[in-house]
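Participant: In terms of full-length UniProt numbering, the sequence shown opens at residue 1 and continues consecutively. Think of the CB as a built atom: it goes at the ideal place given N, C-alpha and C, for glycine as much as any other residue.
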Amino acid sequence: MSQADVGNESNNEFYSEEESNDPFFQLSQNEDSEVAGQEASEDLFLPAISVNRNGISKRRPLETLSIPDAAFKQAANLHDGLRFEHWDHAYSVLLDYGQKEGFAWRIQDKKLDKNGGVYKYVFECRHAGNFQSKKKTIEPSQQRNRKSVKTNCTCFINICWPLSAPRPSITKLNLTHYGHELCPDSAHFINVYRQLPQNIVDKVGF
């Protein structure tokens with residue numbers, strides 16, 4: 001998806017300078033128990049903010065998006081079960097992963113829960129699917145032989161946030177691409193990355 005097509009971001013801030021109020025906290029796989037002295041993996045450090053099930057909004061300016069530094073470490077280790085604090089946190093991780101790999105995501109599907117919040121996003125590579133003309137008949141002499149960006153690529157990620165869960169997590173993914181090249185050196189020319197403000201560009205590391 002051109003970030004794709006995948007949308008732009010939202011207002012999120014992560015506060016704290018006191019170590020005792022550090023907004024990044026360690027989550028254990030079993031939240032009923034704590035293992036003292038155990039070193040946490042990168043995917044378990046999440047920003048502590050209020051729960052907001054609003055989905056990714058394309059109408060919110062990118063300049064207001066605050067991406068936690070931990071997001072860029074998570075992007076190097078996408079896996080089934082990886083948890084995020086909220087939808088924009090998840091989206092920022094996918095932005096970083098897509099830029100580093102050299103492709104763009106798009107939102108293939110979005111589902112709402114009974115309260116109107118988003119409980120599922122399906123992200124896919126913008127090269128997924130096959131091109132189908134919307135015109136029923138085309139005169140060969142008038143047909144434009146422009147190559148489609150769709151190559152039936154198989155890369156996708158499902159992220160779900162059930163009402164019973166405290167935060168969204170990856171439930172299924174396939175990071176294998178098909179039918180196109182990955183171009184990390186020229187990813188900054190992709191539309192979604194061209195629109196990123198300087199503060200985010202500095203974090204992503206173009």
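Per DSSP, what kind of secondary structure is ASN77 in: helix, strand or coil?
Facilitator: Locating residue 77 in the sequence shown gives position 77, where the first residue counts as 1. ASN77: helix per DSSP, three-state reduction.
Participant: Give me the Cα-Cα distance between PHE131 and ASN152, rounded to the nearest whole angstrom.
Facilitator: Counting from one through the sequence shown, the residue named residue 131 turns up at place 131. Counting from one through the sequence shown, the residue named residue 152 turns up at place 152. Cα to Cα, PHE131 sits roughly 9 Å from ASN152.
Participant: Just tell me which of ILE107, VAL149, ALA165, SER148 has its CA closest to the CA of ASN158.
Facilitator: Translated into the one-based positions of the sequence shown, residue 158 becomes position 158. That would be ILE107, whose Cα lies nearest to the Cα of ASN158.
Participant: Taking ASP88 as part of the alpha helix (DSSP H), name the residues at either end of that continuous run.
Facilitator: The count along the sequence shown starts at 1 and reaches residue 88 at position 88. Note, ASP88: alpha helix (DSSP H), 87-101.
Participant: Between which residues of its own chain and LYS100 is the CB-CB distance below 7 Å, once the five residues before and five after are set aside?
Facilitator: Here residue 100 corresponds to residue number 100 of the sequence shown, with the count starting at 1. Result list for LYS100: ALA75, PRO184, in chain order.
Participant: Within 10 angstroms of the Cβ of GLY55, are there 16 or more other Cβ atoms? Answer buried if so, exposed if not.
Facilitator: Mapped onto the sequence shown, residue 55 falls at position 55. By the 10 Å Cβ count, GLY55 comes out buried.
Participant: Terminal residues of the continuous beta strand (DSSP E) containing LEU82?
Facilitator: As a position in the sequence shown, residue 82 is number 82, starting the count at 1. First-last for LEU82: undefined, no H or E at that position.
Participant: Between which two residues does the beta strand (DSSP E) holding ASN158 run?
Facilitator: Taking the sequence shown and counting its residues from 1, one reaches residue 158 at position 158. First-last of the beta strand (DSSP E) with ASN158: 156-160.
Participant: Rounding to the nearest angstrom, what Cα-Cα distance links SER92 and LEU78 in this structure?
Facilitator: Against the sequence shown, residue 92 aligns to sequence position 92. Against the sequence shown, residue 78 aligns to sequence position 78. Approximately 13 Å, taken between the alpha carbons.
Participant: Spell out the partners DSSP gives ASN174 in its beta bridges.
Facilitator: The sequence position of residue 174 within the sequence shown is 174, counting from 1. Per DSSP, PHE156.
Participant: Alpha carbon to alpha carbon, how far is PRO168 from GLU85? Give it in angstroms, no decimals.
Facilitator: The residue given as residue 85 occupies position 85 in the sequence shown. The residue given as residue 168 occupies position 168 in the sequence shown. If you take the alpha carbons of GLU85 and PRO168, they lie about 7 Å apart.
Participant: Less than 8 Å between the CB atoms is what I'm expecting for GLY117 and LEU182, so what's the real figure, rounded?
Facilitator: As a first step, residue 117 must be located in the sequence shown, where it is residue number 117. As a first step, residue 182 must be located in the sequence shown, where it is residue number 182. With a Cβ gap of about 33 Å, GLY117 and LEU182 do not count as contacting.
Participant: Report buried or exposed for ALA165, applying the criterion of at least 16 other Cβ atoms within 10 angstroms of its Cβ.
Facilitator: Walking along the sequence shown from the start, residue 165 turns up at place 165. Looking at its Cβ environment, which holds fewer than 16 other Cβ atoms inside 10 Å, ALA165 is exposed.
Participant: What residues match up with TYR121 in a beta bridge as DSSP calls it?
Facilitator: Translated into positions along the sequence shown, residue 121 becomes position 121. Bridge partners of TYR121: LYS110, ILE159.
Participant: In its own chain, which residues sit with a C-beta less than 8 Å from the C-beta of ASN115, not counting the 5 before and 5 after it?
Facilitator: On the sequence shown, position 115 is the one that residue 115 refers to. Within the same chain, ASN115 has close Cβ partners ARG53, LEU163.
Participant: Just to confirm my understanding: we take ASP32, look at its own chain, exclude 5 residues before and 5 after, and list those with CB closer than 6 Å. What are they?
Facilitator: As a working note, residue 32 is residue 32 in the sequence shown. The pLDDT assigned to ASP32 is 35, lower than 50, so where the model puts this residue is not dependable, and the model offers no usable value.
Participant: Which residues does DSSP pair with SER169 in a beta bridge?
Facilitator: In the sequence shown, the residue the question calls residue 169 occupies position 169. ARG83, CYS160, per the DSSP bridge assignment.
Participant: Shortest alpha-carbon distance to ASP80 belongs to which of HIS180, TYR178, LYS150, LEU173?
Facilitator: Residue numbering aside, residue 80 sits at position 80 when the sequence shown is read from its first letter. Cα-wise, what sits closest to ASP80 is LEU173.
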